[in-house]
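Chemist:
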Amino acid sequence: MASEAQSDIDREWAARNAGTIEVRLDQRFDEARLARWMRDYVEGFAGPLRIEQFRGGQSNPTFKLETPGRNYVLRRKPPGLLVKSAHAVDREYRVIAALHGAGFPVARPFALCEDDAVIGSAFYVMEHVEGRIFWGSTFSTAPREERPACFMAMNRTLADLHGIDPATIGLGDYGRPAGYCARQIARLSCQYEEDEAAGRVEAMDRLIAWLPENIPPDEETSIVHGDFRCDNMIFHPTEPRVIAVLDWELSTLGPPLADFAFHGMMYRMPPEISTGLLGIDLAAANIPGEAEYIATYCRNSRRDGVAGYDFYVAFNMFRLAAIIHGIRGRLARGTASSDHAADIAKRVEPLAALAWHQAIRAGAR
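For the sequence shown, the numbering used here gives the first residue as 2, with consecutive numbering after it.
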């Protein structure tokens, strides 16, 4: 079984993110105006409407909308000063709509609103999917015998996403066909350097210098989720099956191996940074090992190997550190959307150091 220490970490992570709370004071909006908009644009909507806020949602605040007939989820841009190009809920809505039409497991999208006059910022409404969210990569709350199947379900779901031809579902222009890593590194580096309120981190500066010079050749392009991890999916209430993938804010077109490496880096992350698996007795927890998981992805995606994997892990740890650095900046500016932003912001330094270690594995000196 998963260790007691890991179970405690999973419970703490769930306590920070699971469930709903009263809408935070700085996130409140005109609920009557939203209800009027939903009557006009959301098929089948009928009030009265009751609104709560999900505990999680570091980037885009997320709300549960309850009505007598059905429940919905609303994702909005946060209020306040925003980094350019971030919090693109319109892109999130577009990819969910396209994937839902293709039969990929996402929540049904209902409507997008880009009129700030309704609730103060752009937002979209989708269905509320009932199921299980596992907040830690050990799946400590899942039956032990079910854990391998849960891992295989995640693996297959990501491979299925990468197997979808973007052009056939209207996403051929969802991102540029090449240069994904270079653009990501440049954009995140710029955001990091411009966010003076969040401070500087030595390992981040090293990565910003090394990563652009060591990018593997782009040989494939697919839809990439950008944040594919266990707590961004909903599993069937009783079966080891993914029924909805959540949080598409970072999605675009890019190399599928970079996307898989973000998911697979859980094997190289310690539990205390991001509910990772490093140091966990995988056999005791009945969880497949890293080599087996990579081999399974190769079979599912019909490829021979994962060239450049260490680079992609370093790149993705850098991405995550940069995102958390942004949370630190929003915390300093008073616009962070989570009560636990201060604790999360402390992870920048250890995560950046871990990313540099992966860069050394990939040949950095």
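Even for Gly, the Cβ is constructed at its ideal location relative to N, Cα and C.
(1) What residue does the alpha helix (DSSP H) around Ile-224 start on, and which one ends it?
(2) Give a yes or no on whether the minimum CB-CB distance between Pro-167 and chain C is below 8 Å.
(3) Counting only the same chain and skipping the five closest in sequence on each side, list residues whose C-beta sits under 7 Å from that of Arg-242.
(4) Here's the rule: buried if 16 or more other CB atoms are within 10 angstroms of the residue's CB, otherwise exposed. What is Leu-352?
(5) Could you tell me the boundaries of the beta strand (DSSP E) in which Val-314 lies?
(6) Looking at the structure shown, is Val-307 part of a helix, part of a strand, or coil, going by DSSP?
(7) Out of Ser-275, Ile-52 and Cys-114, state which residue places its alpha-carbon closest to the alpha-carbon of Phe-229.
(8) Check whether the Cβ atoms of Arg-24 and Glu-53 sit closer than 8 Å, and answer yes or no.
(9) For Val-119 versus Arg-34, is the C-beta spacing smaller than 8 Å?
(10) Assuming Ala-356 and Ala-199 are in contact, meaning their beta carbons sit under 8 Å apart, how far apart are those beta carbons, in whole angstroms?
(11) Could you have a look at Ala-158 and say whether DSSP puts it in helix, strand or coil?
(12) Would you list the one or two residues that DSSP bridges to Lys-65?
(13) Please state if the CB of Leu-254 and the CB of Ile-224 are separated by a distance shorter than 8 Å.
(14) Looking only at its own chain, which residues have a Cβ that is under 6 Å from the Cβ of Leu-82, when we skip the five neighbours before and after it?
(15) Starting from the Cα of Asp-344, find the closest Cα among Thr-336, Arg-329, Gly-335 and His-358 and give me that residue.
(16) Would you please state the rounded distance, in angstroms, between the beta carbons of Met-270 and Leu-258? I believe it to be under 8 Å.
(17) My output table needs one value for Val-84: the three-state DSSP class, helix, strand or coil.
(18) Ignoring anything shorter than 4 residues, give me the alpha helix (DSSP H) runs that lie fully in the stretch 245-295, in order along the chain.
(19) For Met-2, which three-state DSSP category applies?
(20) For Met-2, collect the residues of the same chain with a Cβ closer than 7 Å to its Cβ; drop the 5 residues on either side in sequence, then sort them by chain order.
(21) Quick check: Arg-51 and Ser-122, are their CB atoms within less than 8 Å of each other?
(22) Hey, quick one: how far does the alpha helix (DSSP H) through Cys-114 stretch, first residue to last?
(23) Quick check: the Cα distance between Gly-137 and His-129, rounded to an integer number of angstroms?
(24) List the endpoints of the continuous alpha helix (DSSP H) containing Glu-194.
(25) Per DSSP, Thr-21 forms a beta bridge with which residues?
(26) For Pro-238, which residues from the same chain have a beta carbon less than 7 Å from its beta carbon, with the 5 sequence-adjacent residues on both sides left out?
(27) Specify, as a first and last residue, the run of the alpha helix (DSSP H) that Ile-97 falls within.
(28) Identify whether Phe-152 lies in helix, strand or coil by the three-state DSSP scheme.
(29) Are the beta-carbon atoms of Leu-251 and Gly-227 separated by less than 8 Å?
(30) Would you report the Cα separation of Tyr-125 and Gly-173, rounded to the nearest angstrom?
(31) Determine the burial state of Ile-325: buried for a count of at least 16 other Cβ atoms within 10 Å of its Cβ, exposed for fewer.
(32) With a CB to CB cut of under 8 Å and the five nearest residues on each side skipped, what residues in its chain are close to Ala-262?
(33) If the criterion is Cβ atoms closer than 8 Å, does the pair Tyr-294 and Asn-72 meet it?
(34) Among Gly-364, Gln-359 and Gly-327, whose alpha-carbon lies nearest the alpha-carbon of Lys-347?
(35) Which residues in the same chain as Phe-64 place their Cβ atom closer than 6 Å to its Cβ, once the five residues preceding and following it in sequence are excluded?
Modeler: If we stick to the structure as given:
(1) Indexing the sequence shown from 1 puts residue 224 at position 223. Run containing Ile-224: none in the alpha helix (DSSP H); it sits in the beta strand (DSSP E), 223-225.
(2) Looking for chain C here will not work: only one protein chain is present.
(3) In the sequence shown, residue 242 corresponds to position 241, counting from 1. Only Ala-154 and Phe-236 meet the Cβ criterion.
(4) Numbered from 1 along the sequence shown, position 351 holds the residue referred to as residue 352. Looking at its Cβ environment, which holds 16 or more other Cβ atoms inside 10 Å, Leu-352 is buried.
(5) By 1-based counting over the sequence shown, the position of residue 314 is 313. It is not in any beta strand (DSSP E) - Val-314 instead sits in the alpha helix (DSSP H) that spans 310-334.
(6) Within the sequence shown, residue 307 is the residue found at index 306, counting from 1. Residue state, collapsed to three classes: coil.
(7) Start at 1 with the first residue of the sequence shown, and residue 229 comes out as number 228. For the options Ser-275, Ile-52 and Cys-114, the alpha carbon positioned closest to that of Phe-229 is the one of Ser-275.
(8) Numbered from its first residue, the sequence shown carries residue 24 at position 23. Numbered from its first residue, the sequence shown carries residue 53 at position 52. According to the sequence provided, residue 24 is Val. The question's Arg does not apply to it. Yes; because the gap between Cβ atoms is below 8 Å, this pair is in contact.
(9) Stepping through the sequence shown from its first residue, residue 119 is reached at position 118. Stepping through the sequence shown from its first residue, residue 34 is reached at position 33. In contact: Val-119 and Arg-34 (Cβ atoms closer than 8 Å).
(10) The residue you call residue 356 lines up with position 355 of the sequence shown. The residue you call residue 199 lines up with position 198 of the sequence shown. Contact doesn't hold; Cβ gap of about 16 Å is too wide.
(11) Residue 158 sits at position 157 when you count from the first residue of the sequence shown. The identity of residue 158 in the sequence shown is Thr, whereas the question assumes Ala. Thr-158: helix per DSSP, three-state reduction.
(12) Locating residue 65 in the sequence shown gives position 64, counting from the first residue. Partner(s): Glu-53 and Val-74.
(13) On the sequence shown, residue 224 is found 223 positions in, with the first residue counted as 1. On the sequence shown, residue 254 is found 253 positions in, with the first residue counted as 1. Yes.
(14) Looking up residue 82 in the sequence shown gives position 81. Any answer about Leu-82 is weak, because its pLDDT of 48 lies below 50 and its placement is not dependable; what the coordinates show is given next. Counting only Cβ-Cβ distances below 6 Å, and skipping sequence neighbours, we find nothing.
(15) What you label residue 344 is simply residue 343 of the sequence shown in a count that begins at 1. The shortest C-alpha separation from Asp-344 is found at Arg-329.
(16) Position 269 of the sequence shown holds residue 270. Position 257 of the sequence shown holds residue 258. Contact check for Met-270 and Leu-258: beta-carbon distance about 18 Å, past the 8 Å limit, so the pair fails to qualify.
(17) The residue given as residue 84 occupies position 83 in the sequence shown. For Val-84, the predicted model reports a pLDDT of 49, less than 50, meaning its position is unreliable and no value from the coordinates is stated.
(18) 257-265, 272-275 and 283-286
(19) Taking the first residue of the sequence shown as 1, we reach residue 2 at position 1. With a pLDDT of only 41 at Met-2, under the threshold of 50, the placement of this residue in the model should not be trusted; the figure read from the coordinates follows. It is coil, neither helix nor strand.
(20) Mapped onto the sequence shown, residue 2 falls at position 1. Its pLDDT being 41, under 50, Met-2 is placed unreliably in this model, and the coordinates cannot settle the point.
(21) Here residue 51 corresponds to residue number 50 of the sequence shown, with the count starting at 1. Here residue 122 corresponds to residue number 121 of the sequence shown, with the count starting at 1. Contact: no.
(22) Your numbering for residue 114 matches position 113 in the sequence shown. Run containing Cys-114: none in the alpha helix (DSSP H); it sits in the beta strand (DSSP E), 110-114.
(23) Here the question's residue 137 lines up with position 136 in the sequence shown. Here the question's residue 129 lines up with position 128 in the sequence shown. The alpha-carbon of Gly-137 is positioned some 22 Å away from that of His-129.
(24) The residue labelled residue 194 in the question sits at position 193 within the sequence shown. From DSSP, the alpha helix (DSSP H) with Glu-194 extends over 181-195.
(25) Position 20 of the sequence shown, counted from the start, is the residue given in the question as residue 21. BP columns for Thr-21 point to Phe-55.
(26) Against the sequence shown, residue 238 aligns to sequence position 237. Closer than 7 Å at the Cβ level, and outside the excluded window around Pro-238, lie Glu-131, Gly-132 and Arg-133.
(27) Mapped onto the sequence shown, residue 97 falls at position 96. Where Ile-97 is concerned, the enclosing alpha helix (DSSP H) stretches over 90-102.
(28) Here residue 152 refers to the residue found at position 151 of the sequence shown. Shown here, Phe-152 sits in a helix according to DSSP, grouped into three states.
(29) For the purposes of this step, residue 251 is taken as residue 250 along the sequence shown, with counting starting at 1. For the purposes of this step, residue 227 is taken as residue 226 along the sequence shown, with counting starting at 1. Contact check for Leu-251 against Gly-227 passes: the beta carbons are separated by less than 8 Å.
(30) By one-based count along the sequence shown, residue 125 stands at place 124. By one-based count along the sequence shown, residue 173 stands at place 172. Each residue's alpha carbon lies about 22 Å from the other.
(31) Taking the sequence shown and counting its residues from 1, one reaches residue 325 at position 324. Buried, by the Cβ-count rule.
(32) Locating residue 262 in the sequence shown gives position 261, counting from the first residue. Taken in chain order, the residues that qualify are Val-307, Tyr-310, Tyr-313, Val-314, Phe-316 and Asn-317.
(33) Numbered from its first residue, the sequence shown carries residue 294 at position 293. Numbered from its first residue, the sequence shown carries residue 72 at position 71. No, these two residues do not count as a Cβ contact at 8 Å.
(34) Here residue 347 refers to the residue found at position 346 of the sequence shown. Checked all of Gly-364, Gln-359 and Gly-327; the closest Cα to Lys-347 is Gly-327.
(35) Start at 1 with the first residue of the sequence shown, and residue 64 comes out as number 63. Correct list, in chain order: Ile-52, Gln-54 and Leu-75.
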